[in-house]
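**Q**
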Amino acid sequence: MVAKPLAETPMPVARPSRAEAEAAVRTLLRWAGDDPAREGLLDTPARVVRSYEEFFAGYAVDPVAVLERTFAETEGYDEIVLLKDIRLESYCEHHMVPIIGRAHVAYLPSNRVVGISKLARVVQAYAKRLQIQEKLTAQIANTIEAVLQPRGVGVVIESEHQCMTTRGVHQHGASMVTSRMLGVFRDDANTRRELMALIGKS
Ligand SMILES: [Zn+2]
Numbered sequence: 000m001v002a003k004p005l006a007e008t009p010m011p012v013a014r015p016s017r018a019e020a021e022a023a024v025r026t027l028l029r030w031a032g033d034d035p036a037r038e039g040l041l042d043t044p045a046r047v048v049r050s051y052e053e054f055f056a057g058y059a060v061d062p063v064a065v066l067e068r069t070f071a072e073t074e075g076y077d078e079i080v081l082l083k084d085i086r087l088e089s090y091c092e093h094h095m096v097p098i099i100g101r102a103h104v105a106y107l108p109s110n111r112v113v114g115i116s117k118l119a120r121v122v123q124a125y126a127k128r129l130q131i132q133e134k135l136t137a138q139i140a141n142t143i144e145a146v147l148q149p150r151g152v153g154v155v156i157e158s159e160h161q162c163m164t165t166r167g168v169h170q171h172g173a174s175m176v177t178s179r180m181l182g183v184f185r186d187d188a189n190t191r192r193e194l195m196a197l198i199g200k201s
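Residue 0 is where the sequence shown starts when you use numbering that gives the first Met the number 0, and the numbers rise one by one after that.
1) Rounded to whole angstroms, what is the Cα-Cα separation between Leu181 and Thr190?
2) Hey, quick one: how far does the beta strand (DSSP E) through Asp84 stretch, first residue to last?
3) May I have the straight-line CA-CA distance separating His103 from Gln170, to the nearest angstrom?
4) Could you tell me which uninterrupted alpha helix (DSSP H) segments, each at least 4 residues in length, are contained entirely in the stretch 95-183, listed from first to last along the chain?
5) Whole angstroms is fine: what's the gap from Met163's alpha carbon to Ala71's?
6) Leu283 lies in the alpha helix (DSSP H); which residues open and close that run?
7) When the Cα of Ile85 is compared with those of Ser109, Ile99, Glu74, which residue comes out closest?
8) I'd like the list of long-range same chain contacts for Val60, defined as Cβ closer than 6 Å, with 5 residues on each side in sequence excluded.
9) Give every residue of the same chain whose Cβ lies closer than 8 Å to the Cβ of Thr43, excluding the five residues on either side of it in the sequence, and list them in chain order.
10) Does the stretch 138-148 come within contact of the stretch 73-93, defined as at least 3 CB pairs closer than 8 Å?
11) Does Thr69 come out as helix, strand or coil in the three-state DSSP assignment?
12) Sorted by chain position, which residues of the same chain lie with C-beta nearer than 7 Å to His160's C-beta, five sequence neighbours on each side aside?
13) Classify Phe55 as helix, strand or coil using the three-state DSSP reduction.
14) For Val48, which of helix, strand or coil comes out of DSSP?
15) Exposed or buried, what is Gly199 when buried is set at 16 or more other beta-carbons lying within 10 Å of its beta-carbon?
16) Consider the C-beta atom of His169 and the heavy atoms of ligand 1; say whether any pair is separated by less than 7 Å.
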């Protein structure tokens, strides 16, 4: 199966200034019912904006560039490469609250492999943006497919959405699992079963 074109999340065209962003936080503090001028909240807008720089650092990372340095000397290794239990911190694009969980990323190399930490960096590049889990899962898999051109890619994400656990239906402990299987992981049930067994799900 041919990967779809990469669905990049574009940077906003005109980025507001830091002062404008801090003023927006003061507005939200007033909206919540508090007084942004009281001592405990004076530095909060600046802190929130700095936190946003970390939460949304992924917009400044090009996931394709992360994967571009590959190694061809693999001694013919052609079995599954799996990085399990990658810590996932993302942000729900509907409520702007955290999605916390784990990602498992696997591929079946054709002739090139990539440094294993790069798989985690691709997860971070897409996670540190406003996301829905389905899109996040697909973006990670599609990018690995497009850049490494392996025989297969499998991405499984399990996470807890704070928009569901701390508000709305308050479903604490409910986790959402998404997966995207490409190539042999999609076409061959045995290979997919092997991957799910390695991840610890059968
Ligand atoms: Zn949400």
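Positions of the beta carbon are idealized from the N, C-alpha and C atoms, including for glycine.
What you are looking at is a predicted structure, and each value in this text was computed from that prediction instead of being measured.
**A** This is what the structure holds:
1) In the sequence shown, the residue the question calls residue 181 occupies position 182. In the sequence shown, the residue the question calls residue 190 occupies position 191. Their Cα atoms are separated by approximately 11 Å.
2) Position 85 of the sequence shown, counted from the start, is the residue given in the question as residue 84. First-last of the beta strand (DSSP E) with Asp84: 80-91.
3) In the sequence shown, the residue the question calls residue 103 occupies position 104. In the sequence shown, the residue the question calls residue 170 occupies position 171. Approximately 24 Å between the Cα atoms of the pair.
4) List check, alpha helix (DSSP H) in window: 115-126, 132-147, 161-164.
5) One-based indexing of the sequence shown puts residue 163 at position 164. One-based indexing of the sequence shown puts residue 71 at position 72. Cα to Cα, Met163 sits roughly 44 Å from Ala71.
6) What is shown of the chain runs 0 to 201, which leaves residue 283 out entirely.
7) Along the sequence shown, read from residue 1 onward, the residue named residue 85 stands at position 86. Ranking Ser109, Ile99, Glu74 by Cα distance to Ile85 puts Ile99 first.
8) For this step, residue 60 is matched to residue 61 along the sequence shown. Within the same chain, Val60 has close Cβ partners Ala124.
9) Along the sequence shown, one-based indexing puts residue 43 at 44. For Thr43, where only same-chain residues beyond five positions count, the Cβ hits under 8 Å are Val24, Leu28, Pro35.
10) no
11) Numbered from its first residue, the sequence shown carries residue 69 at position 70. If DSSP states are grouped into helix, strand and coil, Thr69 belongs with the strands.
12) Position 161 of the sequence shown, counted from the start, is the residue given in the question as residue 160. Only Cys91, Ile98, Met175 meet the Cβ criterion.
13) Here the question's residue 55 lines up with position 56 in the sequence shown. Three-state result, Phe55: coil.
14) Working through the sequence shown from its first residue, we reach residue 48 at position 49. The answer is helix: DSSP assigns Val48 an H, G or I state.
15) Numbered from its first residue, the sequence shown carries residue 199 at position 200. Gly199 should be labelled exposed.
16) Against the sequence shown, residue 169 aligns to sequence position 170. No.
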